[in-house]
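Asker: I'd like to ask you about the structure that follows.
Chains as they are written, first to last, in UniProt numbering: chain Z, 1 to 277; chain E, 1 to 533.
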């Protein structure tokens with residue numbers, strides 16, 4: 001009730017209005033990239049892009065297309081702001097994590113513009129909560145200059161096969177080494193921990209391997225602490241594409257299906273660890 | 001007397017008895033007949049003596065009670081042993097098992113080779129280090145067995161922090177011992193357990209097998225989720241490569257995923273506890289799940305339990321150290337009738353107290369395999385052995401028991417034997433643990449060297465056993481006999497603590513060690529060390 005009346009009255013002043021019948025569709029995706037407190041929101045007529053960065057080496061992006069939202073109105077070409085992601089998630093889950101079927105939290109996210117807080121209207125079972133979160137000056141997300149043209153090796157795997165190895169990765173290892181090659185071993189994840197090393201080999205003809213396009217043998221190491229957060233995204237996703245370019249930069253793209261069956265994307269970019277010879 | 005004379009006399013004796021029973025009515029001619037038969041046998045015996053084999057009594061039986069009579073000659077002893085051997089069920093069972101294993105081995109031989117060749121080829125192409133000439137022993141496991149192997153590792157992880165892998169001709173032994181050396185576990189998987197079991201000795205290796213020690217922290221995560229192992233892993237292969245000192249555990253999973261774990265190990269001396277099972281006066285064999293069902297009634301936090309046995313009943317009750325908090329504890333006691341056991345032999349009424357936590361791992365293993373568990377023990381203070389076996393594996397857990405110090409405080413060997421792991425966890429123990437620990441470091445290697453070779457050695461005698469599985473009953477936060485007791489005792493139970501205190505201080509007068517119940521005094525250690533060396 002309050003949400004609908006408000007929309008008619010205040011719509012004029014809002015630069016961005018996005019509505020979702022089930023706030024979980026947004027909160028689940030955002031959980032996959034929550035490893036740092038602050039997130040940069042970038043809204044365009046195509047949808048919402050949320051970026052989180054860590055120490056200039058890792059960048060995670062979540063893409064939620066405009067079609068996912070029940071209502072998505074944007075008055076300008078680009079609307080950007082930065083908020084505390086942890087606070088935002090707490091607000092989205094303000095009614096608790098109850099999974100009573102049929103009951104979901106409705107969300108209406110409104111932003112008035114530069115300098116104004118981000119307003120969230122959350123409703124569940126007739127109870128409405130209004131949250132106002134302060135926004136900050138949006139930082140420019142790093143451009144890793146990762147373009148399809150430079151991609152040397154690309155592999156698309158079903159997430160099911162990666163979930164277990166990723167969760168069992170030896171945490172005493174500082175790096176995760178990824179080897180992609182047109183010959184044996186085709187796709188290998190390696191860790192070097194205190195008790196020894198571990199290798200996970202995926203054959204190129206496995207049913208789990210949807211696409212295997214490797215032109216050159218490449219071995220790159222990435223800091224384990226940077227890649228470990230991607231396990232959350234992996235857990236949510238159904239497919240993952242692993243790409244490396246000529247500089248050794250890693251791109252992980254996860255295809256996530258939300259509760260309603262709609263598709264969103266989460267992507268991780270990571271710099272290689274400099275100590276590789 | 002020479003051997004051949006013995007043999008002749010033996011035969012003579014046998015024939016004599018047979019004759020007497022068969023021809024009891026011809027008593028006057030008995031002597032003549034016997035002499036005639038004797039002469040014939042004599043001739044035959046001399047002719048056949050080259051083909052006769054001498055009966056050798058194994059060392060483990062040398063100390064058996066029926067051979068101890070001082071008037072027995074060597075030959076008579078051998079004769080008695082040979083009779084006993086034939087009628088020993090253990091012997092029969094061993095022979096049947098060996099026969100079965102031989103048959104299985106023969107059947108498997110035909111299917112075995114392709115697997116092994118394939119495995120070697122994979123090894124050469126991959127980046128796993130190649131071993132050219134050294135010991136390499138690899139095996140893969142058939143379906144359903146991986147879970148058993150994983151469960152064994154789980155059970156061992158409850159005992160100690162390190163895992164000894166010992167590939168031997170008779171199988172792969174996984175062993176562990178806890179830090180205070182009061183609990184030892186060994187799981188022996190016979191070659192039949194594995195799809196393929198290869199022990200290849202390189203030229204430099206003599207018949208000493210490799211003994212490698214791994215930390216359970218590095219092995220347990222690989223086998224942590226048993227259900228996913230059953231579901232996803234098609235084959236598991238373990239190889240030990242000596243030049244690179246690493247154990248390679250490979251899981252061949254569904255959809256072609258191969259997980260390879262290279263774990264570094266340390267060469268270490270052998271770990272093996274000798275337990276003279278034939279000397280145990282009490283042997284109970286419980287059917288599958290009986291013991292597991294019994295210990296289920298004790299709370300998970302229960303550290304120690306007491307097993308009391310009399311010829312009429314067996315009971316299990318919980319054990320609390322110290323006289324404290326009598327009012328606040330819940331005492332549980334369960335009794336079993338001897339009929340509930342498959343085998344019930346009680347030679348000595350005994351009450352033994354041992355650590356339950358360490359046993360739980362083995363009991364859950366036995367439950368999952370529906371195996372009966374044999375319990376072998378003696379009086380309090382002597383270690384208790386829990387043993388189970390089936391065709392393909394054997395599991396043994398030896399636990400030290402609390403000696404009956406309250407009943408006999410003046411006995412020096414009744415030094416409090418170790419029981420629970422909380423020994424080393426106790427914060428207050430720090431000071432006391434150091435001197436005891438250093439004794440341990442000196443003494444254990446000496447004992448360890450002797451163990452594999454000696455079976456009738458003095459270390460099997462009670463004082464020696466105490467040394468083998470000794471250590472400090474170190475005070476912990478719970479409130480404990482000793483000086484720590486006083487501070488932890490609540491004011492409401494002064495009488496109990498005083499009594500305890502009085503007993504324990506009497507005990508301490510016998511030891512020269514620190515007052516906080518470190519077990520072996522310096523003097524005792526030296527004498528024992530001298531004896532074992």
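Ideal Cβ placement from N, Cα and C applies to all residues, glycine included.
Restricting to Cα atoms, I'd like to know which of E/330, E/151, E/294 is closest to residue 219 of chain E.
Answerer: Residue numbering aside, residue 219 of chain E sits at position 219 when the second chain is read from its first letter. Of the listed residues, the one whose Cα sits closest to residue 219 of chain E is E/151.
Asker: Buried or exposed: residue 535 of chain E, going by 16 or more other Cβ atoms within 10 Å of its Cβ?
Answerer: Given a span of 1 to 533 for chain E in the structure shown, any question on residue 535 of chain E remains unanswerable.
Asker: For residue 2 of chain E, count the other beta carbons within 10 Å of its own beta carbon; 16 or more makes it buried, fewer makes it exposed. Which is it?
Answerer: Reading the second chain from its first residue, position 2 is the one you call residue 2 of chain E. With a pLDDT of 49 at residue 2 of chain E, under the threshold of 50, the modelled position of this residue cannot be trusted; read the value that follows with caution. Residue 2 of chain E is exposed by the Cβ-count criterion.
Asker: Answer with yes or no whether the minimum CB distance from residue 114 of chain Z to chain E is below 8 Å.
Answerer: Walking along the first chain from the start, residue 114 of chain Z turns up at place 114. Output row for residue 114 of chain Z: interface = no.
Asker: Taking the DSSP output, what are the residues bridged to residue 165 of chain Z?
Answerer: Residue 165 of chain Z sits at position 165 when you count from the first residue of the first chain. BP columns for residue 165 of chain Z are empty, so no partner.
Asker: CB-CB under 8 Å to residue 348 of chain E, same chain, minus the five flanking residues each way: which ones, in chain order?
Answerer: By one-based count along the second chain, residue 348 of chain E stands at place 348. Hits under 8 Å: 281, 282, 378, 379.
Asker: Are the C-beta atoms of residue 197 of chain Z and some chain E residue less than 8 Å apart?
Answerer: Numbered from 1 along the first chain, position 197 holds the residue referred to as residue 197 of chain Z. True, the Cβ-Cβ gap to chain E drops below 8 Å.
Asker: What does residue 378 of chain E touch in chain Z if you count any residue whose Cβ is under 7 Å from its own?
Answerer: For the purposes of this step, residue 378 of chain E is taken as the residue at position 378 of the second chain. Under the 7 Å cutoff, chain Z gives no residues; its nearest Cβ is about 40 Å from residue 378 of chain E.
Asker: Contact criterion: CB-CB distance below 8 Å. Does residue 207 of chain Z meet it with respect to chain E?
Answerer: By one-based count along the first chain, residue 207 of chain Z stands at place 207. By this cut-off, residue 207 of chain Z is an interface position.
Asker: Whole angstroms is fine: what's the gap from residue 189 of chain E's alpha carbon to residue 27 of chain Z's?
Answerer: Here the question's residue 189 of chain E lines up with position 189 in the second chain. Here the question's residue 27 of chain Z lines up with position 27 in the first chain. Rounded to whole angstroms, residue 189 of chain E to residue 27 of chain Z spans 50 Å at the Cα level.
Asker: Compute the beta-carbon to beta-carbon distance between residue 395 of chain E and residue 383 of chain E, rounded to the nearest angstrom, for a pair I have assumed lies under 8 Å.
Answerer: As a working note, residue 395 of chain E is residue 395 in the second chain. As a working note, residue 383 of chain E is residue 383 in the second chain. Not quite, the Cβ-Cβ distance comes to about 16 Å (not below 8 Å), so this is no contact.
Asker: Taking 8 Å as the threshold (beta carbon to beta carbon), is residue 157 of chain E in contact with chain Z?
Answerer: For the purposes of this step, residue 157 of chain E is identified with residue 157 of the second chain, where counting begins at 1. Taking Cβ atoms only, chain Z never reaches closer than 8 Å to residue 157 of chain E, which makes this a no.
Asker: Determine which residues of the segment 151-171 of chain Z have a Cβ less than 9 Å from any Cβ of chain C, and write them out in chain order.
Answerer: Although the question refers to chain C, the structure presented lacks it and instead comprises the protein chains Z and E.
Asker: Our contact map puts residue 178 of chain Z next to residue 241 of chain Z with C-beta atoms below 8 Å; I'd like the distance itself, whole angstroms only.
Answerer: Along the first chain, one-based indexing puts residue 178 of chain Z at 178. Along the first chain, one-based indexing puts residue 241 of chain Z at 241. Rounded, the Cβ-Cβ distance is 13 Å, inconsistent with contact.
Asker: How many whole angstroms separate the CB atoms of residue 361 of chain E and residue 154 of chain E, which I take to be in contact at a CB cut-off of 8 Å?
Answerer: By one-based count along the second chain, residue 361 of chain E stands at place 361. By one-based count along the second chain, residue 154 of chain E stands at place 154. Correct: roughly 6 Å between the Cβ atoms.
Asker: Measure the C-alpha to C-alpha separation of residue 268 of chain Z and residue 154 of chain Z and round it to an integer number of angstroms.
Answerer: Along the first chain, read from residue 1 onward, the residue named residue 268 of chain Z stands at position 268. Along the first chain, read from residue 1 onward, the residue named residue 154 of chain Z stands at position 154. Between residue 268 of chain Z and residue 154 of chain Z, the C-alpha separation is close to 14 Å.
Asker: With distances taken Cα to Cα, identify the nearest neighbour of residue 70 of chain Z among Z/260, Z/60, Z/266.
Answerer: Numbered from 1 along the first chain, position 70 holds the residue referred to as residue 70 of chain Z. When each option's Cα is compared against that of residue 70 of chain Z, the closest is Z/260.
Asker: Looking at residue 374 of chain E and residue 387 of chain E, is the spacing between their C-beta atoms short of 8 Å?
Answerer: The residue labelled residue 387 of chain E in the question sits at position 387 within the second chain. The residue labelled residue 374 of chain E in the question sits at position 374 within the second chain. Cβ atoms of residue 387 of chain E and residue 374 of chain E: closer than 8 Å.
Asker: Let me see if you follow: with CB-CB separation under 8 Å, is residue 212 of chain E close to chain Z or not?
Answerer: On the second chain, position 212 is the one that residue 212 of chain E refers to. Answer no: the Cβ-Cβ gap between residue 212 of chain E and chain Z never drops below 8 Å.
Asker: Looking at the C-beta of residue 182 of chain Z, does it have a partner C-beta in chain E at a distance below 8 Å?
Answerer: Here the question's residue 182 of chain Z lines up with position 182 in the first chain. It does not: the Cβ of residue 182 of chain Z has no partner Cβ on chain E nearer than 8 Å.
Asker: DSSP three-state call for residue 296 of chain E: helix, strand or coil?
Answerer: Here the question's residue 296 of chain E lines up with position 296 in the second chain. In this structure, residue 296 of chain E counts as coil in the three-state DSSP scheme.
Asker: Can you give, in chain order, each stretch of the alpha helix (DSSP H) that sits fully within the segment 49-117 of chain Z and has at least 4 residues?
Answerer: Qualifying alpha helix (DSSP H) stretches, in chain order: 85-92.
Asker: Any contact of the segment 24-42 of chain Z with the segment 245-265 of chain Z, i.e. 3+ C-beta pairs under 8 Å?
Answerer: The segment 24-42 of chain Z and the segment 245-265 of chain Z touch, with no fewer than 3 CB-CB distances between them shorter than 8 Å.
Asker: When the Cα atoms are used, what is the spatial distance from residue 19 of chain Z to residue 213 of chain Z?
Answerer: The count along the first chain starts at 1 and reaches residue 19 of chain Z at position 19. The count along the first chain starts at 1 and reaches residue 213 of chain Z at position 213. Each residue's alpha carbon lies about 40 Å from the other.
Asker: Is the CB of residue 256 of chain E under 8 Å away from at least one CB in chain Z?
Answerer: As a working note, residue 256 of chain E is residue 256 in the second chain. Output row for residue 256 of chain E: interface = yes.
Asker: Please state whether the Cβ-Cβ distance between residue 550 of chain E and residue 320 of chain E is less than 8 Å.
Answerer: With chain E covering 1 to 533 only, the question about residue 550 of chain E has no answer from this structure.
Asker: Of the residues that make up the segment 212-229 of chain E, which ones have a beta carbon closer than 9 Å to any beta carbon in chain Z?
Answerer: 214, 215, 217, 218, 219, 221, 222, 224, 225, 228
Asker: Kindly provide the ranges of any alpha helix (DSSP H) runs that are 4 or more residues long and lie completely inside the segment 189-262 of chain E, ordered along the chain.
Answerer: 216-219, 226-232
Asker: Are at least three pairs of beta-carbons, each pair with one atom in the segment 271-280 of chain E and one in the segment 208-222 of chain Z, less than 8 Å apart?
Answerer: no
Asker: Please classify residue 81 of chain E: does DSSP put it in a helix, a strand, or coil?
Answerer: Counted from its first residue, the second chain places residue 81 of chain E at position 81. Residue 81 of chain E: helix per DSSP, three-state reduction.
Asker: In this structure, does DSSP put residue 268 of chain Z in helix, strand or coil?
Answerer: Position 268 of the first chain, counted from the start, is the residue given in the question as residue 268 of chain Z. Of the three classes helix, strand and coil, the one that applies to residue 268 of chain Z here is strand, per DSSP.
Asker: Quick one: measure Cβ to Cβ for residue 47 of chain Z and residue 65 of chain Z, integer angstroms, because I've assumed they're closer than 8 Å.
Answerer: The count along the first chain starts at 1 and reaches residue 47 of chain Z at position 47. The count along the first chain starts at 1 and reaches residue 65 of chain Z at position 65. With a Cβ gap of about 4 Å, residue 47 of chain Z and residue 65 of chain Z count as contacting.
Asker: To the nearest angstrom, report how far apart residue 295 of chain E and residue 318 of chain E are at their CA atoms.
Answerer: Locating residue 295 of chain E in the second chain gives position 295, counting from the first residue. Locating residue 318 of chain E in the second chain gives position 318, counting from the first residue. Taking the straight line joining both Cα atoms gives about 10 Å.
Asker: Helix, strand or coil: which one does DSSP assign to residue 17 of chain Z?
Answerer: In the first chain, the residue the question calls residue 17 of chain Z occupies position 17. Residue 17 of chain Z: strand per DSSP, three-state reduction.
Asker: For residue 302 of chain E versus residue 363 of chain E, is the C-beta spacing smaller than 8 Å?
Answerer: Numbered from 1 along the second chain, position 302 holds the residue referred to as residue 302 of chain E. Numbered from 1 along the second chain, position 363 holds the residue referred to as residue 363 of chain E. No, Cβ-Cβ distance for residue 302 of chain E and residue 363 of chain E is not below 8 Å.
Asker: On a Cα-Cα basis, can you pick out the residue from Z/133, Z/102, Z/149, Z/199 that is closest to residue 113 of chain Z?
Answerer: Numbered from its first residue, the first chain carries residue 113 of chain Z at position 113. Nearest option by C-alpha distance: Z/133.
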